[in-house]
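K.L.:
FYI, in this note's numbering the residues of the sequence shown are 159 to 352. We put the CB at the ideal spot given by N, CA and C, even for glycine. All of these numbers come straight from a predicted model, not from anything done at the bench.
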Amino acid sequence: MAEEQIKTEDKTEETAETEKQNSTEKAKGLMSEFQTFLGDSSVFDMAIGVIIGTALSKIVSSLVNDIFMPLIGIVIGGVDFTSLTFQVHGATVNYGTFISNVVDFLIIAVCLFGCTKAVLTFKHKLNPEVDATYKKETAENILLLREIRDELQIQNGKKIADAKNLESAAAQTSGMAEEIAKTAKTLAAKGVTS
Numbered sequence: 159m160a161e162e163q164i165k166t167e168d169k170t171e172e173t174a175e176t177e178k179q180n181s182t183e184k185a186k187g188l189m190s191e192f193q194t195f196l197g198d199s200s201v202f203d204m205a206i207g208v209i210i211g212t213a214l215s216k217i218v219s220s221l222v223n224d225i226f227m228p229l230i231g232i233v234i235g236g237v238d239f240t241s242l243t244f245q246v247h248g249a250t251v252n253y254g255t256f257i258s259n260v261v262d263f264l265i266i267a268v269c270l271f272g273c274t275k276a277v278l279t280f281k282h283k284l285n286p287e288v289d290a291t292y293k294k295e296t297a298e299n300i301l302l303l304r305e306i307r308d309e310l311q312i313q314n315g316k317k318i319a320d321a322k323n324l325e326s327a328a329a330q331t332s333g334m335a336e337e338i339a340k341t342a343k344t345l346a347a348k349g350v351t352s
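1. On the three-state DSSP scale, how would you describe T240?
2. My assumption, with CB atoms under 8 angstroms, is that V208 sits in contact with I265. Please give the rounded CB distance.
3. In terms of alpha-carbon separation, which member of N314, T243, V222 and K275 lies closest to Y253?
4. Would a C-beta distance cut-off of 8 angstroms place T250 and T240 closer than the cut-off?
5. Could you give the residue range of the alpha helix (DSSP H) that holds V222?
6. Give me the Cβ distance between F192 and V201, rounded to the nearest whole Å; I'm assuming they're in contact under 8 angstroms.
7. Could you tell me the alpha carbon to alpha carbon distance between I206 and K316, rounded to whole angstroms?
8. Could you give the distance in angstroms between the alpha-carbon of K283 and the alpha-carbon of K275?
9. With burial defined as no fewer than 16 other Cβ atoms inside 10 Å of the residue's Cβ, what is the status of S215: buried or exposed?
10. In terms of residues, what are the limits of the alpha helix (DSSP H) holding F271?
11. In terms of residue numbering, what span does the alpha helix (DSSP H) encompassing G231 cover?
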């Protein structure tokens, strides 16, 4: 009885140790996956983009509100865009603020386009092999897509030909059916039965 109790305690300890190892391995696997996610994906690129975008937004908003809009206001006759409003049934429509926000958006879009273009140009100059590989893969993909298109056209052509053959066969069958019906009427009229 004492031996059975010792064996049971040993199995319990082994089970606990195995469970501990499994949970440790799962934790290591999860941590490894997380490190791979952070290292291989563009999480950091996205975070940097969000931070720079926020800072750029503040700079561009200041540029628009404090420099461009007053200058545009002077050019069109000393108008302060924030004061451009009109009333509709007691509601105030601030279209000057809207115009300012549209200009703000356009400037941000131009800045982002310029930054993106510069970064891509810089990347291509740093690593021309990637650009060559991309062009080669793109050319191969285009060829593959052309082959698929051609094969689909061939298959579609066969289907069209098959459909035309079926139409022809149906027309012939219809003609035969009409002849059989005429013959049956003629025979019935003559009193011939089968």
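P.N.:
Answer, in terms of the structure:
1. Here residue 240 is taken as the residue at index 82 of the sequence shown, counted from 1. The answer is helix: DSSP assigns T240 an H, G or I state.
2. Position 50 of the sequence shown, counted from the first residue, corresponds to residue 208. Position 107 of the sequence shown, counted from the first residue, corresponds to residue 265. With 8 angstroms as the limit, V208 and I265 do not qualify as a contact, their Cβ atoms being about 19 angstroms apart.
3. Mapped onto the sequence shown, residue 253 falls at position 95. Of the candidates N314, T243, V222 and K275, the one whose C-alpha sits nearest the C-alpha of Y253 is T243.
4. Here residue 250 refers to the residue found at position 92 of the sequence shown. Here residue 240 refers to the residue found at position 82 of the sequence shown. No.
5. Numbered from its first residue, the sequence shown carries residue 222 at position 64. Taken as a continuous stretch (DSSP letters only), V222 belongs to no alpha helix (DSSP H), as it is neither H nor E.
6. Here residue 192 refers to the residue found at position 34 when the sequence shown is read from its first residue. Here residue 201 refers to the residue found at position 43 when the sequence shown is read from its first residue. Not really, about 10 angstroms apart at Cβ, beyond 8 angstroms.
7. As a position in the sequence shown, residue 206 is number 48, starting the count at 1. As a position in the sequence shown, residue 316 is number 158, starting the count at 1. Taking the straight line joining both Cα atoms gives about 55 angstroms.
8. Locating residue 283 in the sequence shown gives position 125, where the first residue counts as 1. Locating residue 275 in the sequence shown gives position 117, where the first residue counts as 1. About 12 angstroms.
9. Your numbering for residue 215 matches position 57 in the sequence shown. S215 comes out exposed.
10. Residue numbering aside, residue 271 sits at position 113 when the sequence shown is read from its first letter. Element bounds for F271: Y253 to L284.
11. Within the sequence shown, residue 231 is the residue found at index 73, counting from 1. Taken as a continuous stretch (DSSP letters only), the alpha helix (DSSP H) holding G231 covers M227 to V233.
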